[in-house]
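Anchor point for the sequence shown: position 137 equals 680 in the working numbering, and the numbering is continuous, going up by one each time.
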Amino acid sequence: MAFDGWLLARQKPFYVLSLAQKRRAALSETFQRHLDEIEDRILKACQKAGRSERPELVAVSKRQSEDRIEAALASGVRIFGENRVQEAQERWSERRSVYPDLKLRLIGPLQSKKSEDAVALFDTIDVLDREKLCRTLADAIQKLGKAPDILVQVNTGEEPQKSGVLPSELSDFIDRVCPDYDISPVGLMCIPPADEPAGPHFALLARLAERHGLTQLSMGMSGDFETAILYGATHVRVGSALFGARDS
Ligand SMILES: *Cc1c(COP(=O)(O)O)cnc(C)c1O
């Protein structure tokens, strides 16, 4: 089994390893070092914010190599974020049975026709952003008898090219639209505009969540997760700072 190979690569002395094993051992060490650094920065941000409860680290594995995914698993990482349903199916469907404690989150835009696949695979869907998706998700939940946690994505920067419910329309969406489909979101998610300080967007998201009594706040990426923690993030989504740059 792949997992044994990884453990072995880390336990044997370096000189007895094959070339492939050496490569794995090196990748595994690099990943572990990145993970330790991020965990340390998370801890420091929590201290700075006076928080006792640490946010969950979601390892964003989209467009990363199989080798790096295996390194993450060997380091004990079990919460992963993906932004495409099909890529996530290919990567995770079979691994589910090897790692029963996996938690998968969909963090990229969801086409309504992919709703059933998404409900089947993911534990959490961070990106509910429109009424049509409420309908297709509700249908899928009904059909599969399985209900992932759902977060509403908010377009805090009101950017035309970005998905997410506008802040001014959030109350209607949560109080009227979602209940129509029997969907009870557990939190909010945002991606601040790339060219603005992220803090005010995180603050807005936290305020909106509080107003609606929602507990999960999925916010913060490699470049701004510490800021997000200051504003109360419960889930930070870190990709490149953990795995290294993505294949484009
Ligand atoms: C890719 C992605 C991330 C991770 O981005 P990094 O900058 O690599 O940490 C987080 N959230 C979403 C929604 C993403 O699409």
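All C-beta atoms, glycine included, are put in the ideal place defined by N, C-alpha and C.
What number of angstroms, rounded off, separates the C-alpha of residue i from the C-alpha of residue j?
i           : j           : result
residue 789 : residue 565 : 22 Å
residue 679 : residue 572 : 42 Å
residue 636 : residue 616 : 15 Å
residue 709 : residue 578 : 34 Å
residue 749 : residue 759 : 9 Å
residue 761 : residue 640 : 27 Å
residue 589 : residue 645 : 25 Å
residue 778 : residue 601 : 7 Å
residue 687 : residue 555 : 45 Å
residue 489 : residue 690 : Nothing can be reported for residue 489: it is not among the residues displayed for the chain, which extend from 544 to 791.
residue 668 : residue 562 : 39 Å
residue 544 : residue 567 : Only weak support is given to the placement of residue 544: the predicted model assigns it a pLDDT of 44, under 50, and the question is left unresolved by the model.
residue 692 : residue 606 : 24 Å
Residue i: buried (16+ other C-beta within 10 angstroms of its C-beta) or exposed?
i           : result
residue 699 : buried
residue 712 : exposed
residue 658 : buried
residue 647 : buried
residue 604 : buried
residue 654 : exposed
residue 665 : buried
residue 613 : buried
What is the DSSP secondary structure of residue i, reduced to helix, strand or coil?
i           : result
residue 594 : coil
residue 778 : strand
residue 785 : helix
residue 646 : strand
residue 574 : helix
residue 651 : coil
residue 761 : strand
residue 766 : coil
residue 669 : strand
residue 790 : coil
Closer than 8 Å is the cut-off here; do at least three beta carbon pairs connect the region 769 to 777 with the region 585 to 597?
yes
Taking one C-beta from the region 706 to 724 and one from the region 744 to 764 each time, how about it: are there three or more such pairs within less than 8 Å?
Output reads yes: the region 744 to 764 touches the region 706 to 724.
Are there three or more Cβ pairs, one per stretch, closer than 8 Å when the region 733 to 747 is compared with the region 671 to 689?
Remark: fewer than three beta-carbon pairs, one from each stretch, lie closer than 8 Å, so the region 733 to 747 and the region 671 to 689 are not flagged as touching.
If we require 3 or more residues per run, which beta strand (DSSP E) segments fall completely within the region 672 to 737?
692 to 696 and 730 to 732
Any chance you could list the beta strand (DSSP E) runs of at least 3 consecutive residues sitting entirely within the region 577 to 643, in chain order?
599 to 603 and 622 to 625
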